[in-house]
Amino acid sequence: MQSRCLFIVLLLGLTTLSLAQDSTYSKQKMTNRKVGIYTNYEEFLKNEPSITKSFIIMPIFYVDLVKKDSIIIGLTYRFQDSSKLTKKIWGLYDGDKTYYNLDYLF
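According to my numbering, the stretch in the sequence shown is residues 23 to 128, in order.
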């Protein structure tokens, strides 16, 4: 009976491990990605950003006054030439990191 339970536990464990996703994907660098702002996912897939002018990414912090700590909860951007921001964007790539938003909250 114990060997049967052990077999079932091992089988479930191996099944779980074989279905697990590799977490290193999020740490891989984008290659041959064009720097710019993508208004939708299709532009990102085609690597054709709508907006290619220079921009700066600025983190949005939540400050906990009780704990005297802060955490980054989002980001915003601004153009270096002070142009008006685009209302709806899917994501952006700054040459180092890709940022994307699935809820259009930028």
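Every residue, glycine too, gets a C-beta built ideally from N, C-alpha and C. Predicted model, so just to flag it, every value in this text is computed and none were measured.
Which of the three DSSP states, helix, strand or coil, is assigned to residue i?
i	result
LEU107	coil
GLU65	helix
What are the residues that DSSP puts in a beta bridge with residue i?
i	result
VAL85	SER92
PHE101	PHE77
THR120	TYR115
TYR158	Because the chain in this structure spans residues 23 to 128, residue 158 falls outside the shown range and cannot be described.
From residue i to residue j, what does the alpha carbon distance come to, in whole angstroms?
i	j	result
ILE95	PRO81	8 Å
TYR47	SER72	Its pLDDT being 41, under 50, TYR47 is placed unreliably by the model, and nothing is read from it.
LEU97	ASN123	10 Å
LYS119	ARG100	16 Å
CYS87	GLU70	The question names Cys, yet the displayed sequence has Leu at residue 87. Rounded to the nearest angstrom, the two C-alpha atoms are 42 Å apart.
LYS90	TYR84	11 Å
LYS68	GLY58	13 Å
PHE66	TYR60	6 Å
ILE93	GLU64	31 Å
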